[in-house]
Each structure stands twice: as C-alpha cells, then as structure tokens.
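Okay, structure first, notes after.
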Amino acid sequence: MSGLELFAAALGVIAVWLTVKQNPWCWPIGLVMVLLYSWIFFEVKLYSDMLLQVVYAVLQLYGWWQWTRAGHNHDGRQVTRLGGPSVLLGLAIGAAGSLLLGAAMAHWTDAAQPWLDAALTGFSLVAQWWMAQKRVQCWPLWIALDVIFVGLFIYKGLHLTAALYALFTLLAVQGWREWRADPALRA
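In terms of the working numbering, the sequence shown is residues 4 to 190.
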C-alpha cells in the first residue's frame with residue numbers, strides 16, 4: 004500500500020458516496036481519483052484497468068455535464084430506468100468489448116489477468132455510462148462488478164483497493180436503494 008493508493012481510495016469513497024447522494028461534485032472528485040488509479044494500475048500491470056481509468060476520466064467529464072447541464076431546462080438529468088432491450092444491448096456491448104480487449108491484452112501485453120481484467124473493464128464502462136445518465140440499473144451491475152474486483156485486487160496484493168471496492172459494493176447497494184426510491188421514477 005502506498006500513500007498514493009491511500010489518497011486515491013479516500014477520494015473514491017467520497018466520490019461514490021456523493022454519487023449515491025446525487026451530488027454533482029462526485030464527478031470532479033472522481034476525475035482526480037481515476038487519474039491516480041490509472042498510474043497505480045500501470046504499476047501492477049493491470050493494463051485494462053489502467054485504460055479503464057483513462058476512459059473513466061472522459062466519462063467523469065461527461066457525467067458532470069449530464070448531471071449539471073443536460074435536460075430540457077439545462078438543470079441536469081433525473082433518475083430513470085432502462086427498458087429491457089436497452090439493458091440487453093448494453094450488456095452485449097460490454098461482452099463484445101470484453102472479448103476484444105481481452106484478446107488484445109492477452110496477445111500484445113504482459114498483462115497479469117488479461118481476460119478477467121478486460122471483462123471487468125468492458126462491463127464497468129457500461130455501468131459508468133448508465134451512471135452518467137442516471138439509469139437505476141447501473142447499481143446492480145456495479146454490485147456484481149465490485150465483488151469480482153475485490154477478488155482481483157486481493158489476488159494482486161492491492162489490499163487497500165480491495166477494501167475500497169468492498170466499500171464500493173456497500174455504497175452501490177445503498178445507491179440502488181436510494182435511486183429506486185427517487186420520486187423521478189414515479190413521475
């Protein structure tokens with residue numbers, strides 16, 4: 004565990020908690036966290052996770068805009084649900100991206116866990132996209148991914164990051180509960 008990992012983990016807790024509370028400050032704080040984690044993952048040869056953090060940086064900016072400027076009156080997005088076909092499409096895109104990235108990482112890099120890392124990356128991008136759009140289905144997907152991330156990070160010796168993702172799992176459960184109760188879903 005390094006000071007950098009500790010600082011990134013602290014920012015991660017703050018960012019996810021703010022996301023659960025639908026506070027748009029989750030996005031700039033999350034931006035700093037993902038940039039720090041891109042370096043951490045590079046150092047332990049989780050290259051798909053490193054690339055994921057770079058994409059997350061772009062999605063942090065997109066989410067910040069969606070939560071503060073999107074909508075009819077530019078007052079931000081409301082919590083919504085995706086229809087079944089949209090959920091299936093998102094999951095299919097996540098699977099396809101996972102296979103392509105996994106093959107690339109297995110063939111062209113010395114990645115530690117090319118297939119698992121790629122699968123977590125592909126589906127995390129789907130979850131992050133749904134979160135930026137305030138789709139309630141982001142939370143159950145995050146729960147499943149975070150549980151698997153915990154195992155991967157324990158395996159790689161990133162114990163603080165594993166603990167962080169265990170906390171992310173609990174926060175995702177809370178987010179799912181709170182967002183499902185959001186009045187916008189009843190409108």
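Think of the CB as a built atom: it goes at the ideal place given N, C-alpha and C, for glycine as much as any other residue.
Check your understanding: Three-state secondary structure (DSSP) at Thr83?
Key -> Position 80 of the sequence shown, counted from the first residue, corresponds to residue 83. When secondary structure is reduced to three states using DSSP, Thr83 falls in the strand class.
Review point. Mapping DSSP to helix, strand and coil, what is Arg189?
Key: Your numbering for residue 189 matches position 186 in the sequence shown. For Arg189, the three-state secondary structure derived from DSSP is helix.
Exercise for review: Could you check what DSSP says for Arg180 in three-state terms: helix, strand or coil?
Suggested key: Residue numbering aside, residue 180 sits at position 177 when the sequence shown is read from its first letter. Secondary structure at Arg180: helix, using DSSP grouped into helix, strand and coil.
Review point. Does the Cβ-Cβ distance between Ala135 and Tyr65 come in under 8 Å?
Key: Residue numbering aside, residue 135 sits at position 132 when the sequence shown is read from its first letter. Residue numbering aside, residue 65 sits at position 62 when the sequence shown is read from its first letter. If you check the CB distance, Ala135 and Tyr65 come in under 8 Å.
Check your understanding: How is the alpha helix (DSSP H) around Pro143 delimited, first residue to last?
Key -> As a working mapping, residue 143 is identified with position 140 in the sequence shown. In the DSSP assignment, Pro143 falls within the alpha helix (DSSP H) that extends over 141-158.
Practice item. Sort Val35, Gly87, Ala13, Leu49 by Cα distance to Gly160 and report the nearest one. Key: Translated into positions along the sequence shown, residue 160 becomes position 157. Measuring from the Cα of Gly160, the nearest candidate turns out to be Leu49.
Check your understanding: Based on the DSSP output, what are the partners of Arg138 in its beta bridges?
Key -> For the purposes of this step, residue 138 is identified with residue 135 of the sequence shown, where counting begins at 1. Under DSSP, the beta-bridge partners assigned to Arg138 are Thr83.
Practice item. Would you kindly check if the distance between the Cβ of Met108 and the Cβ of Ala122 is under 8 Å? Key: As a position in the sequence shown, residue 122 is number 119, starting the count at 1. As a position in the sequence shown, residue 108 is number 105, starting the count at 1. For the 8 Å CB-CB criterion, Ala122 and Met108 do not form a contact.
Review point. Whole-angstrom Cβ separation of Phe156 and Leu144, contact assumed at under 8 Å?
Key: On the sequence shown, residue 156 is found 153 positions in, with the first residue counted as 1. On the sequence shown, residue 144 is found 141 positions in, with the first residue counted as 1. In fact, because the Cβ distance is near 18 Å, the residues do not count as touching under 8 Å.
**Study point:** Collapsed DSSP secondary structure at Leu173 in the structure displayed
**Key:** Position 170 of the sequence shown, counting from 1, holds the residue named residue 173. Helix at Leu173.
Review point. Who are the Cβ neighbours of Leu163 in its own chain at under 8 Å, not counting the five residues just before and after it?
Key: Mapped onto the sequence shown, residue 163 falls at position 160. Met4, Glu8, Leu9, Ala12.
Exercise for review: Within the same chain, show all residues whose beta-carbon is closer than 6 Å to that of Gln56, passing over the 5 residues directly before and after it, in chain order.
Suggested key: Residue numbering aside, residue 56 sits at position 53 when the sequence shown is read from its first letter. So the list reads Val37, Tyr40, Ser41, once near-sequence residues are dropped.
Check your understanding: Can the beta-carbon of Ile96 be found closer than 8 Å to that of Val129?
Key -> As a first step, residue 96 must be located in the sequence shown, where it is residue number 93. As a first step, residue 129 must be located in the sequence shown, where it is residue number 126. With contacts defined as CB atoms closer than 8 Å, Ile96 and Val129 qualify as a contacting pair.
Exercise for review: Label Gly3 either buried or exposed according to how many other C-beta atoms from any shown protein chain fall within 10 Å of its C-beta, with 16 as the threshold for buried.
Suggested key: As displayed, the chain neither begins before 4 nor continues past 190, which places residue 3 out of reach and without an answer.
Check your understanding: Do you know whose CA, among Gln140, Trp20, Val23, Asp149, lies nearest Leu85's CA?
Key -> Position 82 of the sequence shown holds residue 85. Closest by alpha carbon: Gln140.
**Study point:** Local Cβ density within 10 Å of Trp111, reported as buried at 16 or more and exposed below that
**Key:** For the purposes of this step, residue 111 is taken as residue 108 along the sequence shown, with counting starting at 1. When all chains shown are included, Trp111 counts as exposed.
Review point. Which residues in the same chain have their Cβ closer than 7 Å to the Cβ of Gln131, if we skip the five residues on either side of it in sequence?
Key: As a first step, residue 131 is located in the sequence shown; it is residue number 128 there, counting from the start. Result list for Gln131: Tyr59, Leu62, in chain order.
Review point. Where does Gln116 fall in DSSP's three states?
Key: Numbered from its first residue, the sequence shown carries residue 116 at position 113. Looking at Gln116 - three-state DSSP - the assignment turns out to be coil, as it is neither helix nor strand.
Exercise for review: Using 10 angstroms around the beta-carbon of Ala184, count the other beta-carbons present and answer buried if the total reaches 16, otherwise exposed.
Suggested key: Residue numbering aside, residue 184 sits at position 181 when the sequence shown is read from its first letter. Ala184 is exposed by the Cβ-count criterion.
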